[in-house]
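J.: Under numbering that gives the first Met the number 0, the residue at position 106 of the sequence shown is numbered 105, and the numbers go up by one with no gaps.
Glycine included, C-beta positions come from ideal geometry on N, C-alpha and C.
First the structure, which I've put down as structure tokens, then a few questions once you've had a look.
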Amino acid sequence: MRMDQFVGLNTWAKCKVRRTKLVHEIGKEIRPSGKEVSFDRVVRVPVMQKSAYSKVRGSYKLFAGDLYRYVLANGSVLEEYVQATICSGGPCYFIALRDSAGKLVKESLWTQAQLDRA
């Protein structure tokens, strides 16, 4: 059976965009009833803001997956793009990262050997 296969980012890129940091939150939650509940906690939050900016059009379904844009704390931007589409029981979409100027992020690229194994 042929189908669209969204492979996504390589391991390095997944680690890069999923990074988190610990933050200390202190505040007050106001519930719908009006009750105030204080909190003082340490939580893990994403280092980057993630938002979908495009979709990968599929061959067997309308969309195979979303492409995301990541905004770092310093304002720089990384975005996903389709590096390669390999046919193996249907198209396999390999995703990599580029910066806002279109420069490819070398570590996020799938190697030729990885693409050949698809």
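By Cβ distance below 6 Å, which residues in the same chain neighbour S99 in space, the five residues on each side in sequence not counted?
T.: As a first step, residue 99 is located in the sequence shown; it is residue number 100 there, counting from the start. Once the five neighbours on either side are set aside, the close Cβ partners of S99 are V76.
J.: According to DSSP, E79 sits in a beta bridge with which residue or residues?
T.: Locating residue 79 in the sequence shown gives position 80, where the first residue counts as 1. According to DSSP, E79 bridges with L96.
J.: Under a CB-based cut-off of 8 Å, is L61 close to chain B?
T.: Although the question refers to chain B, the structure presented lacks it and comprises just one protein chain.
J.: When the Cα atoms are used, what is the spatial distance from I94 to G7?
T.: In the sequence shown, the residue the question calls residue 94 occupies position 95. In the sequence shown, the residue the question calls residue 7 occupies position 8. C-alpha separation (whole angstroms): 5 Å.
J.: Would you be able to state if there are at least three C-beta pairs under 8 Å between the stretch 28-35 and the stretch 76-90?
T.: Cβ pair count under 8 Å is below three, so no.
J.: Starting from the C-beta of L66, find all residues in its chain whose C-beta is less than 8 Å away, skip the five residues before and the five after it, and write them out in chain order.
T.: Sequence index remark: in the sequence shown, residue 66 carries index 67 (1-based). These residues qualify, in order along the chain: A51, Y52, S53, K54, V55, E78, E79, Y80, V81 and I94.
J.: Measure from the alpha carbon of Y119 to the alpha carbon of each residue in R1, F38, E24 and K13, then state which is nearest.
T.: Any question about residue 119 goes unanswered here, given that the chain covers just 0 to 117.
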